[in-house]
Amino acid sequence: MTSFLDELAWRGRLAQVTDDAGLRKHLAGGVRRAYIGFDPTADSLTVGNLVQIITLALIQRSGHTPVVVVGGGTGLIGDPSGKTAERTLRTRDEVNANVERQKRIYERILDFSQGVSNRAMLLNNADWLCELSYLDALRDIGKHFSVNMMIQKDSVRERLHNRDQGISYTEFSYMILQAYDFLHLYEKHGVTIQSGGSDQWGNIVAGTDLVRRKHAAEGEAAETYGITTQLITKSDGGKFGKTESGAIWLTANRPGETSPNRTSPYAFYQFWLNTADADVPKFLRTFTLLPREEIERLESIHAADPGKREAHRSLARHMTEMLHGKTEMESVELAAKALFSGDVRSVNVETLLQVVEALPPEKRHVSKADEPTGYASVTGSGVNVLEIVAASGVTASNREAKEAIQSGAISINGVRIAGVQQMLTASDLIRQPDGGLLALVKRGKKTWGGVVIPPPAGIVPR
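This is the structure:
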């Protein structure tokens, strides 16, 4: 049974351990259970949460049991760590809905199969926190906490010094509730290890201490440990997981879903593909489950010639397949190649719509019914290419559009435009599943724009 501490250290993720020697001996003594908590304040998770999910996967691969604890209870309060102001409290219905939607992410990466001896566990702390009475909490848990110690925590101290914001008793109590999670998990599920990001060190230590103090008061010895992982930083100092379009989420909208907290498989693939050269080796170690030999091979190739981008592509492939499956990964990779070659008609329409969605706002246009690029115009007498090019945003003016067409620099849906008088009809465009039309406009080798033409009411989707 390999030590996942060594694996975390090799990957550059290990930050702190409450008792390194003691934990190593503990891990060598049998199959252990280790947990990480996740905050259900949104109906998905961002790429920043991946570090902790991958940590659980490494725990499982080393022969131990990973335990996902979703904060259905603590999510009603909100962790003040890293926050400069009071959180907006969620309703129970909102938190419960978020918990359900987040489950699909854990099931992608961890093995919950019945036949696996160390199969992953998924627990919701609402199941025990919502049953905990206020008096019991004060009597059985609160007596083990020193207010002097609690106000020394960075997130609490910073808020106390902020006269305008301060910190409510609600958020101040979060540490106690998280510590009680560890106590409950230790007593009811045999969990002996908690892990989390380095910003959670204070909460994790509070949990290990609570378990030991309570059991010491009862004349028993309790063996518990805490681990933290390094927070993710980018080589340029920018915030990891953010793009011009916003946060990168770990799920895509399914049919019928319209959540804003989603990232399409294509945009997800592009996020990893566009990783800065200096960050690729670190991200391969941090986020992938590739074996050490393969990562070191890719690092060697990358160091010799980053321009080959083999390591970039492997990173993008691996991450997209992990979160969205092999079929989606292959579709978006085909789309990326098609955009380079211009052969967009070889790509399925659903993926092309993801491509348009991932374009900058100024290079994607949804036509209105009364516009020259509206459905009635296109399916009637047709639309002049200049209208489509102008709507796509690949040129700044009609004059620039004319010059680009005349120089042979414009193609629409993979077909080069012959002249400025050319008219386009529905047959020149790509039919969408809802009956609408799509034009992907390419200028030169790399500049793309998209025009989405919705169908009128009454069109039957194909």
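When we follow the working numbering, the leftmost residue of the sequence shown carries the number -3, and every step to the right adds one.
Positions of the beta carbon are idealized from the N, C-alpha and C atoms, including for glycine.
Everything numeric in this text was worked out from a predicted model, so none of it was measured.
Helix, strand or coil for residue i per DSSP?
i      : result
Asn92  : helix
Ile228 : coil
Phe34  : strand
Thr80  : Unreliable positioning characterises Thr80 in this predicted model, as indicated by a pLDDT of 48, which lies under 50. The coordinate reading is nonetheless provided below. Three-state DSSP puts Thr80 in coil, outside helix and strand.
Thr239 : strand
Leu19  : helix
Ile408 : strand
His308 : helix
Lys278 : helix
His361 : strand
Ile449 : strand
Ala191 : According to the sequence provided, residue 191 is Ser. The question's Ala does not apply to it. The answer is strand: DSSP assigns Ser191 an E or B state.
Asn199 : helix
Arg9   : coil
Leu425 : coil
Val43  : helix
Thr61  : strand
Val390 : coil
Arg29  : strand
Val66  : strand
Glu3   : helix
Leu54  : helix
Arg341 : helix
Arg208 : helix
Leu348 : helix
Pro302 : helix
Phe283 : helix
Gln98  : helix
Lys441 : coil
Gly415 : coil
Thr86  : Residue 86 is actually Arg in this sequence, not Thr. It is coil, neither helix nor strand.
Val328 : helix
Ser373 : helix
Going by DSSP, what residues sit across from residue i in a beta bridge?
i      : result
Met318 : In the DSSP output, where bridge partners are listed per residue, Met318 has none listed.
Leu335 : Note: Leu335 sits in no beta bridge, so no partner.
Ala435 : Val447
Val379 : Leu420
Gly222 : Gln190
Where residue i and residue j are concerned, what is the direct C-alpha to C-alpha distance, given to the nearest angstrom?
i      : j      : result
His211 : Lys322 : 48 Å
Phe336 : Thr271 : 18 Å
Pro251 : Met145 : 49 Å
Gly234 : Ala11  : 21 Å
Glu326 : Glu127 : 47 Å
Pro452 : Tyr371 : 7 Å
Asp273 : Lys304 : 11 Å
Thr282 : Leu319 : 15 Å
Asn92  : Gln98  : 10 Å
Ser407 : Thr443 : 11 Å
Val343 : Ile426 : 11 Å
Ala332 : Phe279 : 21 Å
Leu181 : Arg135 : 19 Å
Asn199 : Ala175 : 7 Å
Leu156 : Val143 : 13 Å
Ile291 : Lys398 : 48 Å
Ser260 : Thr347 : 9 Å
Phe236 : Ile384 : 36 Å
Val201 : Val207 : 10 Å
Arg275 : Ser231 : A quick correction: the sequence has Asp, not Arg, at residue 275. Asp275 and Ser231: Cα-Cα distance of roughly 6 Å.
Ile449 : Arg341 : 17 Å
Glu96  : Asn249 : 14 Å
Could you check whether the Cβ of residue i sits closer than 8 Å to any Cβ belonging to chain D?
i      : result
Pro452 : Here chain D cannot be found, since the structure has a single protein chain.
Between residue i and the ligand MN, is there a pair consisting of the residue's CB and a ligand heavy atom that are separated by less than 7 Å?
i     : result
Thr87 : As presented, the structure is devoid of all ligands, the ligand MN included, so that no description of it is given.
Quiz prompt | Minimum length 4: unbroken alpha helix (DSSP H) runs contained in the segment 113 to 184 | solution = 122 to 125, 143 to 146, 150 to 156 and 165 to 168
Exercise. Assess, as a yes-or-no matter, whether the segment 286 to 298 is touched by the segment 13 to 30 under the definition of 3 or more beta carbon pairs within less than 8 Å.
Key: no
Quiz item: Are the segment 220 to 235 and the segment 191 to 206 touching, with three or more C-beta to C-beta distances below 8 Å?
Solution: yes
Self-check item: Segment contact, 8 Å Cβ cut-off, at least three pairs: the segment 92 to 109 with the segment 213 to 224
Solution: no
Practice problem: Report yes or no: do the segment 402 to 419 and the segment 357 to 373 share at least 3 C-beta pairs separated by less than 8 Å? | Solution: In short, these stretches do not touch, since the Cβ pair count stays below three.
Self-check item: Minimum length 4: unbroken alpha helix (DSSP H) runs contained in the segment 246 to 270
Solution: 261 to 269
Quiz item: Counting Cβ pairs closer than 8 Å, one from the segment 60 to 72 and one from the segment 27 to 37, do we hit at least three?
Solution: Result yes; three or more Cβ-Cβ pairs closer than 8 Å.
Quiz prompt | Three or more C-beta pairs below 8 Å linking the segment 40 to 57 and the segment 282 to 293 | solution = yes
Quiz item: With a cut-off of 8 Å, do at least 3 Cβ pairs link the segment 387 to 401 to the segment 426 to 439?
Solution: yes
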